[in-house]
Amino acid sequence: MKREIFALSVLLMFTGLKAQEVTIPVSTDNSAILLQTDRENRLRTIYFGEPLDNNAEYALVSGGYQYYNSNAGIYNAAYTPAGTWNISEPAIQVVHGDGNSSLDLKYVSHKKDQLDDNTTLTSIVLEDDVYPFRVTLFYKSWKQENVIEQWAEIEHEEAAPVLLKKFASANLYFSQKEFYLTTFHNNWAKEMQPAETRLERGLRSVDSKLGTRAMLLQAPHFILSFGGPAAENQGSVILGQLAWSGNFKIDFEVDSYDNLRLIAGVNPYASEYLLQKNQSFKTPSLVYAISHQGMGEASRGLHAWARKYRVLDGEGQRLTLLNNWEATYFKFDEDKLTALFKDASELGVDLFLLDDGWFGNKYPRNSDRSGLGDWQENVKKLPQGIGYLVREAEKAGVKFGIWIEPEMVNPKSELYENHPDWVIRQPERPEKYFRNQLVLDLSNPEVQDFVFGVVDGLFTENPELAFIKWDCNAPIFNAYSEYLNRNDLPQSHLYIEYVRGLYSVLERVREKYPKVPMMLCSGGGGRGDYEILKYFTEFWLSDNTEPIERIFMQWDYSYFFPAIASDCHVTNWGDQPLKFRVDVASMGKLGFDIVASELSEDELVFCKQAVSSYHSFKDVVWHGDLYRLVNPHKNDLSSVMYVDADKSKAIIFNYLVNNRYMLTATEEPIKLDGLDPVKKYRIKELNLFPGTRSRIKAGKVYSGDFLMKVGINPAVSLRRTSVVLELTEVQ
Ligand code: GLA
């Protein structure tokens, strides 16, 4: 036997058949993923951790690992195929045109493209030995922000189409031991409820099968912490997200070596995809930020990346606004709206946003039961049309924006009557509604044209229109497409083609209207990922604007999203005083949804001052670095701080989140972060309600060193439940 092995290896040496080991590091400033081929030329992940100083030493990493049992080499494939040697959760599973379901992927080649000083694209080609089937793995890495985006492209040259049963975006492998996973559970008005668990052996999945409004129940974002629960300022963590606005599935599998396999992608549920010869299937991306200093650094990296490279106009400006949804609901007319324009201008915001209820004639949109899909102004409510409103808003000194929900239809609408085949529904079964509506079939190019036309029509008729709120209130029930049926395409393409259709419409919108700000909304935060945010300037976190709830929700959203993209409005939800509500909304992109004329004199004075002070510090909130100082989940207090790029200005928001007797909120100073220790800062309290005095000595100067080591006490108490502090550098 020994002789045989020797003979084989001699043969391999002489025939040159023995694969040469290829080592491919994918690195950022603080991290490296190391991929390496094995003897059979299969690509493995052999390291995930801090980068090595000396590149040449990456080749030595694998020498330290000695997995000798029969599972060796199975778990850590860089893209695990199904049907051959692998018997764990696959990244890819296919059925070839001849019915055979085996796949093995071997390394063929790789290249690195330096896209700019900060960005590298590594692509690795893998191929099957038996079938002309290829997968290219892509790793786009941003050095400074420590963010990696991974996706795969799948192609083949087989005579008959290949059925893709599972087709992940990324397949990662971690050998750090002790993995803690935080996932975020949602529901309407209860978005971003975090739950952290230690991962035990076996498979844990987070997924969505909702089609549209995919995040309604579970979010595609997660925090993975190595060696202990995730902490703000220490420990290795990954903040990740499957950037896809449809069904997703993220598998976390702890294997028999107690290592973690992570496989993320489109949810294979009801989504087998028939891939034609020479057609390329591009998966969505897994995006993640890495830090070895905890979640704070990871989210600052992710925010900086999102602003610079992802969210539309992420480094630009935003419009503060007054929205009429909770002020009027569906009940309004021209007089009521023009009065609200004056409120907007009185408050000092930039824009008035007209919400739902402005359209539909045969079936007027006077409730959520009818009219959706009929995008013509309701002549009773708005006899002079949108154009008149745009002009009147302008006269009042504010811009004008409008709500649409163009992917959806009420059965009580002309659209439904005229185009029943445009609607996703099972023809032989009773319809099932969500908020009395159904979803249009965006896999159909005609429907895509219609949806594009809704936006294009509004802008063509009203070139001054300055903002769009794009809503999406229903998931997909009875998934069935008449279009796919007519064109002999598999129904299992619907979930994927829907999302592709949506992106293609948004692509067209952005080609023609590159910069108009658009807010993404989905009955609150049912949508919001880094693919769709390429087309939107911001998104609506939740319909729940009760400010205590918001402190928690905004805290948890802030792990993943920068404040500039997070819409936060002041409404009448809950019992907190107006000041509290305004301060909380000022931590994101500020808006109002109240009737300003119903405010008391003091409240109006306060709001006007608060809007004006928001305009003075919004650049710090929108473009600065975020430091989460005191966690509301663990304290009576919450404290969050934004610092500008040159560390000359900072805003600190502090809130009481508990009203029990014997609060600990006022007892100790809060240590600040992100300042320059050498600089001196003057402190001032902002947003004081008329008639109240600050407990903070105005104008007092402290060094950054003092503020970060000793801290400052914002004197939050049951009488001062919300305190906003401003630090300005003293030259
Ligand atoms: C959804 C949104 C709200 C509002 C209504 C209008 O619920 O989340 O903000 O726009 O639709 O119908």
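Following this note's numbering, the numbering of the sequence shown begins with 5 at its first residue and continues without gaps. Note that the Cβ used here is the ideal one computed from N, Cα and C, for glycine as well. These figures come from a predicted structure and were not determined experimentally.
Short note on Asp360: C-beta closer than 7 Å to some heavy atom of ligand 1. Judged by their CB atoms, Ser249 and Glu535 are nearer to each other than the 8 Å cut-off.
Under the Cβ criterion (8 Å, minimum of three pairs), the region 245–265 counts as touching the region 77–86. Inter-residue distance for Thr287 and Arg322 is about 32 Å (C-alpha atoms, whole angstroms). If you compare the alpha carbons of Gln388, Trp544 and Leu130 with that of Ile158, the shortest gap goes to Leu130. Three or more Cβ pairs drawn from the region 234–245 and the region 292–304 lie within less than 8 Å of each other, which places the two stretches in contact. Between Gly530 and Leu325, the beta carbon gap of about 21 Å keeps them out of contact (Cβ cut-off 8 Å).
Exclusion of the five residues before and after Glu153 leaves Lys144, Ser289 and Val291 as the residues of its chain whose Cβ lies within less than 6 Å of its Cβ. Boundaries of the beta strand (DSSP E) around Glu157: Val151 to His160. Here the distance from the Cβ of Asp475 to the nearest heavy atom of ligand 1 is below 7 Å.
For Glu733, the secondary structure class from DSSP, reduced to helix, strand or coil, is strand.
By the neighbour-count definition (other C-beta atoms within 10 Å, threshold 16), Ile37 is a buried residue. Rounded to the nearest whole angstrom, the CA to CA distance from Asn59 to Ile128 is 19 Å. Contact between the region 469–478 and the region 390–409 is present: three or more C-beta pairs spanning the two stretches fall below 8 Å.
No residue range can be given for Phe336, since it is assigned to no beta strand (DSSP E) and is classified by DSSP as neither H nor E.
At a cut-off of 7 Å, the beta-carbon of Gly77 does not count as near ligand 1: no heavy atom of the ligand is closer than that.
Contact between Ser275 and Tyr437 does not hold, since their C-beta atoms are separated by about 23 Å, which reaches or exceeds 8 Å. In the structure shown, His497 falls within a helical segment according to DSSP collapsed to helix, strand and coil. With contacts defined as CB atoms closer than 8 Å, Glu607 and Gly578 fail to qualify as a contacting pair.
Collapsing the DSSP output to three states places Lys612 in a helix.
When distances are taken from the beta-carbon of Trp544 to the heavy atoms of ligand 1, the shortest one is below 7 Å. According to DSSP, residue pairing for Glu257 in a beta bridge involves Leu207 and Arg265. Rounded to whole angstroms, the gap between the alpha carbons of Tyr706 and Ile700 is 13 Å.
Ser303: member of the alpha helix (DSSP H) spanning Gly298 to Trp309, first to last residue. Excluding sequence positions up to five before and after Asp339, its CB lies less than 7 Å from no other CB in the same chain. Straight across, the Cα-Cα distance linking Val99 with Asn282 is about 16 Å. Under DSSP, Phe137 shares a beta bridge with His160. For Met645, the uninterrupted beta strand (DSSP E) run begins and ends at Leu641 to Val647, by DSSP.
His637 is classed as exposed because its beta carbon has fewer than 16 other beta carbons within 10 Å across all chains shown.
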